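Note sheet for the following structure.
2 protein chains.
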Amino acid sequence: MSDSALIEAARDFNRFYTNFLGVLNRAYLDTPFTLTDARVLFEIGSHDGIGAVTLARDLQLDPAYLSRILKRFRAEALIEAKPDPSDLRSQIISVTDQGRAQFQDLGRRSSAQIAERFEGLALGEPHSIVSAMTTIRTLLDPNAASAPAIIRAHRPGDIGWIVQSQAKAYTDEYGWDMRFEGLVADVAGKFLNNFDPQLEYCWIAERNGINVGSVLIANGGDGVAKLRLLYVDKAARGLGLGKTLVDECIRFASAKKYRQISLWTNDILHAARSIYVKTGFRLISEEKHCMFGPQENCQTWVLDL
Amino acid sequence: MSDSALIEAARDFNRFYTNFLGVLNRAYLDTPFTLTDARVLFEIGSHDGIGAVTLARDLQLDPAYLSRILKRFRAEALIEAKPDPSDLRSQIISVTDQGRAQFQDLGRRSSAQIAERFEGLALGEPHSIVSAMTTIRTLLDPNAASAPAIIRAHRPGDIGWIVQSQAKAYTDEYGWDMRFEGLVADVAGKFLNNFDPQLEYCWIAERNGINVGSVLIANGGDGVAKLRLLYVDKAARGLGLGKTLVDECIRFASAKKYRQISLWTNDILHAARSIYVKTGFRLISEEKHCMFGPQENCQTWVLDL
DNA sequence: ATAATTTAGTTGACTCAGTCAACTGAATTA
DNA sequence: TAATTCAGTTGACTGAGTCAACTAAATTAT
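First to last, the protein sequences are chains F and P. Residue numbering for the first sequence follows this note's numbering, beginning at 1 and increasing consecutively. Residue numbering for the second sequence follows this note's numbering, beginning at 306 and increasing consecutively.
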């Protein structure tokens with residue numbers, strides 16, 4: 001999966017959507033408002049009591065320009081502005097009844113344009129469009145509240161995801177080669193092929209329907225649980241997800257009466273290492289190797305239960 | 306979700322995306338081009354020989370305004386325009402080398418902005434965004450021609466993708482269980498671990514930066530090439546991609562002097578089966594099994610080279 | 001407590017992106 | 001052959017948006 005091809009596709013969409021929005025915004029053609037006017041009025045209407053600075057920041061407008069627009073709106077009695085008692089420099093802006101009427105009219109026009117576009121579509125298509133829009137927005141909007149991650153058992157495809165994400169991450173971040181993906185695929189395949197639901201488990205952390213982390217416990221025999229394939233995606237690091245996953249493993253291993261958890265890692269994986277330390281694992285052996293290209297120290301850690 | 310709720314959600318997305326595009330278009334801030342300039346230059350660059358009327362229609366620009374922009378571009382030697390011999394009123398516009406350089410620079414800036422946005426996202430997220438964009442575009446743009454798929458060698462992560470996509474597809478479509486994912490992971494892992502670049506290869510079909518198909522050739526010894534893990538994603542079926550992939554395998558196996566290609570499949574996979582028939586494979590054995598849950602007939606096919 | 005700096009918002013002065021109407025000359029239709 | 005349409009250009013304009021300089025309140029530094 002090529003990043004640059006993804007970017008090209010995104011650019012292509014942006015060109016298309018620039019045009020598309022251009023067409024939609026003709027809704028305002030026979031009103032006395034420009035697109036910017038409409039955006040401002042809309043923003044005030046839906047955030048009553050907003051200040052000019054916030055408004056300018058949210059809509060990415062020049063303060064001077066915004067000031068003039070607000071002045072005009074005030075002159076036309078679409079909005080009212082009174083000084084904020086807690087900070088006399090700034091003002092509290094709200095729409096008048098007349099302004100609200102205009103704002104609703106603009107809304108109706110805009111809705112009508114979209115309704116027209118949706119008109120010719122098949123039954124489920126508008127729904128598909130809107131859920132695709134939601135996907136994009138959730139992922140691109142930094143202000144969209146980031147959903148909490150949920151942790152669940154693995155489902156079909158998840159093991160493949162583990163292979164893919166680890167291979168991609170460790171080749172990108174540490175320059176490991178193809179052999180690493182081979183190893184992960186092997187470990188993952190063996191886990192599935194010998195899967196014992198009584199004594200083994202695979203946890204997947206998921207956010208907005210997208211996998212962001214994993215770990216699994218495999219039976220190593222002799223009362224030893226092997227903790228394997230701990231991984232947290234770049235986008236979800238720093239949230240304590242790794243620790244949560246390891247805690248999950250420890251709880252499971254205890255409940256299943258394992259006497260020890262053991263794991264194999266590389267010293268370069270600092271974040272993982274610090275989780276192991278925090279959860280009480282101890283390093284019992286270390287060895288140089290070049291299994292994946294660059295020289296690393298592989299380490300074995302254990303936790304007695 | 307009711308119609309009006311859908312429309313509201315679409316409007317909300319449009320407001321968000323208007324802002325978002327505004328931010329992206331800052332890429333042009335420190336160039337001598339406006340957004341409109343960039344759009345025009347881009348359109349000419351990618352449709353060499355386009356006429357001014359088409360250009361104005363595609364970009365929804367006023368002909369007078371466009372005329373002035375083109376005049377300026379001509380003065381700056383970014384484009385050339387010669388009269389269309391079949392209609393002396395209209396002109397054939399094309400970019401000069403200098404114009405192409407500018408156009409590519411603008412492209413780089415725009416790509417960089419998007420890359421920056423994609424930077425902090427999780428592995429699958431840019432992919433989700435782009436496929437959501439494709440959904441929207443396909444449904445809203447009646448002229449959208451789906452991009453052609455390209456076929457390339459595998460890269461890190463692709464083997465994991467193969468495991469994931471096949472596991473997901475076959476559990477969804479045929480109700481196969483986890484053992485299938487285990488088998489695929491195993492085959493894929495072995496392929497990577499014993500990979501012989503001289504005699505083995507893995508092809509990935511990609512569209513809009515999204516993987517949509519795969520196949521691989523592994524050395525089975527004795528002059529026999531094993532064709533494995535042929536797969537075409539639901540979204541890209543019916544385009545002949547499967548056949549293209551198999552043809553690629555046959556060409557490769559011939560060039561590498563294999564004497565035979567053999568493969569293992571299940572009779573329920575009708576599309577694959579018809580490709581094998583078409584490309585000259587013959588069925589040599591068939592056997593009932595319940596390896597993945599439902600009862601299937603597994604089949605071995607061979608093609609002598 | 002006072003001075004220096006920052007912040008919210010406004011105003012003057014400007015420019016250039018974009019619009020509208022009227023035109024030229026070639027192509028098409030009546 | 002005349003009337004109409006079409007591709008593209010030019011004149012004349014306007015108003016959306018920008019930049020710098022300002023006022024006055026609030027905050028921070030001394």
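For each residue, glycine too, the CB sits at the ideal point set by N, CA and C. These numbers were taken from a predicted model, which means no experiment stands behind them.
M306(P) by DSSP, collapsed to three states: which one?
Counting from one through the second sequence, the residue named residue 306(P) turns up at place 1. For M306(P), the predicted structure reports a pLDDT of 48, less than 50, and the residue's modelled location is therefore unreliable. A value from the coordinates is still provided. Residue state, collapsed to three classes: coil.
On the criterion of 16 or more Cβ atoms from any shown chain inside 10 Å, does C249(F) qualify as buried, or is it exposed?
Taking the first sequence and counting its residues from 1, one reaches residue 249(F) at position 249. C249(F) comes out buried.
Any chance the stretch 86-101 of chain F sits against the stretch 110-119 of chain F, with 3 or more Cβ pairs inside 8 Å?
no
Comparing C-alpha positions only, which one of K278(F), Y276(F), K226(F) and H289(F) sits nearest to S262(F)?
On the first sequence, position 262 is the one that residue 262(F) refers to. It is K226(F) whose Cα lies nearest to the Cα of S262(F).
Figure out for me which residue from K288(F), E286(F) and Q260(F) has the closest Cα to the Cα of G280(F).
Locating residue 280(F) in the first sequence gives position 280, where the first residue counts as 1. Ranking K288(F), E286(F) and Q260(F) by Cα distance to G280(F) puts Q260(F) first.
With DSSP run on the structure shown, which of helix, strand or coil describes N516(P)?
Reading the second sequence from its first residue, position 211 is the one you call residue 516(P). Here N516(P) sits in strand by DSSP.
Spatial distance of I204(F) from I150(F) (CA atoms)
Locating residue 204(F) in the first sequence gives position 204, counting from the first residue. Locating residue 150(F) in the first sequence gives position 150, counting from the first residue. Taking the straight line joining both Cα atoms gives about 8 Å.
What does a CB cutoff of less than 6 Å around M1(F) pick up in its chain, not counting 5 residues either side in sequence?
By one-based count along the first sequence, residue 1(F) stands at place 1. With a pLDDT of 42 at M1(F), under the threshold of 50, the modelled position of this residue cannot be trusted; read the value that follows with caution. No residues qualify anywhere along the chain.
Within 10 angstroms of its Cβ, does S433(P) collect 16 or more other Cβ (buried), or is it exposed?
Taking the second sequence and counting its residues from 1, the one referred to as residue 433(P) is at position 128. Classification for S433(P): buried.
Applying the 10 Å Cβ sphere with the 16-neighbour rule, what's the burial state of L334(P)?
For this step, residue 334(P) is matched to residue 29 along the second sequence. L334(P) is exposed by the Cβ-count criterion.
Quick one: which residues of the stretch 361-388 of chain P get their C-beta closer than 9 Å to a C-beta of chain F? List them in chain order.
D363, L364 and Q365
Just to confirm before moving on: does the CB-CB distance between V492(P) and R460(P) stay below 9 Å?
By one-based count along the second sequence, residue 492(P) stands at place 187. By one-based count along the second sequence, residue 460(P) stands at place 155. In this structure, R460(P) does not lie closer than 9 Å to V492(P) by Cβ.
Going by DSSP in three states, I573(P) sits in which element: helix, strand or coil?
Counted from its first residue, the second sequence places residue 573(P) at position 268. It is coil, neither helix nor strand.
What's the call for W569(P), buried or exposed, on a 16-neighbour Cβ count within 10 Å?
Here residue 569(P) is taken as the residue at index 264 of the second sequence, counted from 1. So W569(P) counts as exposed.
Test: N571(P) CB closer than 9 Å to a CB of chain F
To locate residue 571(P), count along the second sequence from 1; it is residue 266. Answer no: the Cβ-Cβ gap between N571(P) and chain F never drops below 9 Å.
8 Å Cβ cut-off: residues of chain F touching K473(P)
As a first step, residue 473(P) is located in the second sequence; it is residue number 168 there, counting from the start. P156, G157 and G160, listed in chain order.
Going by the beta-carbon positions, is the gap between A167(F) and G462(P) smaller than 9 Å?
One-based indexing of the first sequence puts residue 167(F) at position 167. One-based indexing of the second sequence puts residue 462(P) at position 157. Contact: yes.
With 9 Å as the C-beta to C-beta threshold (strictly closer), list the residues of the stretch 220-250 of chain F near chain P in chain order.
D233, K234, A235 and A236
By alpha-carbon positions, which one of R320(P), G543(P) and P431(P) ends up nearest to D58(F)?
Here residue 58(F) refers to the residue found at position 58 of the first sequence. Checked all of R320(P), G543(P) and P431(P); the closest Cα to D58(F) is R320(P).
Determine the extent of the beta strand (DSSP E) in which Y231(F) is found, giving its start and end residues.
Stepping through the first sequence from its first residue, residue 231(F) is reached at position 231. Residues V224 to V232.
Which parts of the stretch 5-49 of chain F are runs of the beta strand (DSSP E), unbroken and 3 residues or longer, counting only runs that do not cross its ends?
none
Mind checking E592(P): buried by the 16 CB within 10 Å criterion, or exposed?
In the second sequence, counting from the first residue as 1, residue 592(P) sits at position 287. It is exposed - the Cβ of E592(P) has fewer than 16 other Cβ atoms within 10 Å.
Keeping to the same chain, check which residues put their C-beta closer than 6 Å to that of A69(F); ignore five residues upstream and five downstream.
Locating residue 69(F) in the first sequence gives position 69, counting from the first residue. Reading off the sequence shown, one finds Ile at residue 69(F), where the question assumed Ala. Correct list, in chain order: V40.
In the DSSP assignment, what residue or residues form a beta bridge with E116(F)?
As a first step, residue 116(F) must be located in the first sequence, where it is residue number 116. For E116(F), which the question treats as bridged, DSSP gives no partner whatsoever.
Segments of 3+ residues assigned as beta strand (DSSP E) that fall wholly inside the stretch 392-479 of chain P:
392-400 and 455-458
Sub-9 Å separation of G494(P) and A185(F) beta-carbons
Here residue 494(P) refers to the residue found at position 189 when the second sequence is read from its first residue. Here residue 185(F) refers to the residue found at position 185 when the first sequence is read from its first residue. Against a cut-off of 9 Å, the Cβ pair of A185(F) and G494(P) comes out as a contact.
Just mark V290(F) as buried or exposed, buried being the case when its beta carbon has 16 or more other beta carbons within 10 Å.
Against the first sequence, residue 290(F) aligns to sequence position 290. For clarity, residue 290(F) is Cys in the given sequence; the question names Val instead. C290(F) is exposed by the Cβ-count criterion.
Cβ neighbours of C298(F) in the same chain (closer than 6 Å, five flanking residues each side left out)
As a working mapping, residue 298(F) is identified with position 298 in the first sequence. Counting only Cβ-Cβ distances below 6 Å, and skipping sequence neighbours, we find N266, E287 and H289.
So T300(F) packs on I284(F), CB below 8 Å; how close in whole Å?
Mapped onto the first sequence, residue 300(F) falls at position 300. Mapped onto the first sequence, residue 284(F) falls at position 284. About 5 Å separates the two Cβ atoms, so the contact holds.
If E296(F) and L497(P) are in contact, beta carbons under 8 Å, what's the gap, nearest whole angstrom?
Translated into the one-based positions of the first sequence, residue 296(F) becomes position 296. Translated into the one-based positions of the second sequence, residue 497(P) becomes position 192. About 19 Å; that fails the 8 Å criterion.
What does a CB cutoff of less than 8 Å around D501(P) pick up in its chain, not counting 5 residues either side in sequence?
Translated into positions along the second sequence, residue 501(P) becomes position 196. Answer for D501(P): N524, listed in chain order.
At a CB distance below 9 Å, what residues from the stretch 334-353 of chain P approach chain F? Give them in sequence order.
L340, R344, F347 and E348
Where does K583(P) sit, in a helix, a strand or coil, going by DSSP?
As a first step, residue 583(P) is located in the second sequence; it is residue number 278 there, counting from the start. Here K583(P) sits in helix by DSSP.
Is there a C-beta anywhere in chain P that falls below 9 Å from the one on M1(F)?
Taking the first residue of the first sequence as 1, we reach residue 1(F) at position 1. Residue placement at M1(F) is flagged as unreliable, the pLDDT there being 42, under the threshold of 50; the coordinate-derived value follows with that caveat. Taking Cβ atoms only, chain P reaches closer than 9 Å to M1(F), which makes this a yes.
So if DSSP puts E287(F) in a beta bridge, which residue, or which two residues, is it bridged to?
By one-based count along the first sequence, residue 287(F) stands at place 287. Answer is C298(F).
How would you write the range of the alpha helix (DSSP H) that E553(P) sits in, first residue to last?
Against the second sequence, residue 553(P) aligns to sequence position 248. L546 to A560 is the span of the alpha helix (DSSP H), which, as asked, contains E553(P).
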